[in-house]
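Numbering (the numbering used here), first residue to last: 58 to 578.
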């Protein structure tokens, strides 16, 4: 694709943190002026400093800032922005926000409200794709009224089943059920969680696929009936239905190339049929025999999009912005060349023994360095004076992604990168640790050495299958080959290497109410 830099009208980024910085970086490269928005908690955040201009939009809680469409539109008008990029989370999949932007004369950088309405609701989406011969997981034809309907369905298809919210995503409003006795409590809990997260407690039920792999196809459409795919990602390594390790290509599809071809063709076919505009992701379950089933479509940029950018050499945000500006000539499918292997892990402020968020101040980050490595974060590296993982938002500190000529090389490069990474709590003048900051870095170091992960046995139960990953005995030792690699990195690059709440009876806080923080992703 030919690069085209010129001065363009401003784009407002209706988001925060690392994704706001990531979008702004490409926007600046293309000649767009950038406008940030920020809440009280984000007044000194990096995304505010990074953009050309910034506008305060309200109090720290998202409902009083980042979820206020009128405040964001007013900020765009005030700063002369023509475009609004939603990032992911917050208002990115709210059709009413798309319509409000259009009414205000702004260009929403993403799909149409119609596409969101068709594909954003899981039941409507499934009906749409089934008409176009995309197989879905056996499930209820619509929302179910109560636990009795779930029981009837379970007896038809046999347990286990999965109760799921009809709206939203990210693991909220979702419960696996293995016995009939569990159904009433699971239905009530999932519905209550969905109502809190999405304002809609409607549930449906589907068959739970055994030995499941979570695989997604990245698509991009021009809104006129043209569409391409950018390969697939496997996101099977999860905790609490939340992704922690993503990669491309998919280990399971390497075994079933015909399945890969069918999934890619189906995703492009549906995208063309609905005249989809912009970046979107079709999510599937693939079982151990290579059979595949449609789950849902995410009508936005995905958190894990860097791995697709690594293996294709494409900048997905560049495609989004040029399409919005009416300047994109959609690449032909044969021009998309997939090369090598990429892995991304998410660095969280959380206790890795039960994966609960652990907000706090950051004293110092020493990020990994080296070729074919990408660090996406909104937190300063090196010694920092003021950097805090806020209780009001998702606790992700950074995304770390690498590329290798093979999967083995990508795994090895990730192992070295995680061993280099150091995230420390603040210290007093005498050098004592001040406060506490827990992260999942030690957990990820174990994960990247886990036999199942290294060998690509990445079913969605990988973490519970390997209980040693979350024991208290998380080793800080590094292997001999890693130590050698770290030494070489220091010599050649001068890098400094260091290394639901859902809990019954837990006190009520923003961090214990999973809907308040998980919904932001």
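The beta-carbon is built from N, C-alpha and C at its ideal position, and this holds for glycine as well.
Predicted, not measured: the structure shown is a model, and the values here were computed from it.
- Inclusion of residue 303 and residue 234 in the CB contact set at 8 Å is not warranted, their separation being larger than that value.
- The three-state secondary structure of residue 156, taken from DSSP, is helix.
- The Cβ neighbour count for residue 205, taken over all protein chains shown within 10 Å, is under 16; the residue is labelled exposed.
- Under the criterion of beta carbons closer than 8 Å, residue 237 and residue 208 qualify as touching, at roughly 6 Å.
- Counting the other Cβ atoms within 10 Å of the Cβ of residue 212 gives fewer than 16, which makes it exposed.
- In the assembly as shown, residue 496 is a buried residue. Its beta-carbon has 16 or more other beta-carbons within 10 Å.
- In this structure the segment 301-318 does not touch the segment 153-165; the number of beta carbon pairs closer than 8 Å is below three.
- If you look at residue 377, you'll find it in the alpha helix (DSSP H) that goes 373-381.
- At the C-beta level, residue 250 and residue 229 come within 8 Å of one another.
- Going by C-alpha positions, residue 329 is about 44 Å away from residue 476.
- For residue 182 and residue 421, the gap between their C-alpha atoms comes out near 45 Å.
- In the DSSP assignment, residue 521 falls outside any beta strand (DSSP E) and within the unbroken alpha helix (DSSP H) covering 519-522.
- The count of Cβ pairs closer than 8 Å, one atom from the segment 66-76 and one from the segment 404-423, stays below three, leaving the stretches out of contact.
- The three-state secondary structure of residue 60, taken from DSSP, is coil.
- Proximity of the segment 124-139 to the segment 315-331 falls short of the contact definition, fewer than three beta-carbon pairs being nearer than 8 Å.
- Annotation for residue 104: no beta strand (DSSP E) segment contains it, though the alpha helix (DSSP H) segment containing it runs 103-107.
- Here residue 223 is near residue 261, since their CB atoms are less than 8 Å apart.
- Take the alpha-carbon of residue 70 and the one of residue 346: they are about 43 Å apart.
- Considering only 380, 295, 125, 84, the residue with the shortest C-alpha distance to residue 109 is 84.
- In this structure, residue 453 lies away from residue 502, with their beta-carbon atoms at least 8 Å apart.
- Residue 377 is classed as buried because its beta carbon has at least 16 other beta carbons within 10 Å across all chains shown.
- Looking at 190, 164, 185, 95, the one whose alpha-carbon comes closest to that of residue 147 is 95.
- Of the other Cβ atoms in all chains shown, 16 or more fall within 10 Å of the Cβ of residue 278; this residue is therefore buried.
- For residue 279, the enclosing beta strand (DSSP E) starts and ends at 270-279.
- Taking residue 437 as the centre and dropping the five residues before and after it, the same chain places the C-beta of 444 closer than 6 Å to its C-beta, in chain order.
- Runs of beta strand (DSSP E) with 3 or more residues, each lying fully within the segment 198-268, are found at 218-222, 231-234, 260-264, listed in chain order.
- For the options 456, 472, 254, 286, the alpha carbon positioned closest to that of residue 120 is the one of 254.
- Using a Cβ distance threshold of 8 Å, residue 166 and residue 139 do not count as a contacting pair.
- Cβ contact annotation for residue 125 (same chain, cutoff 8 Å, sequence separation greater than five): 114, 115, in chain order.
- Taken through DSSP and simplified to helix, strand or coil, residue 390 comes out as helix.
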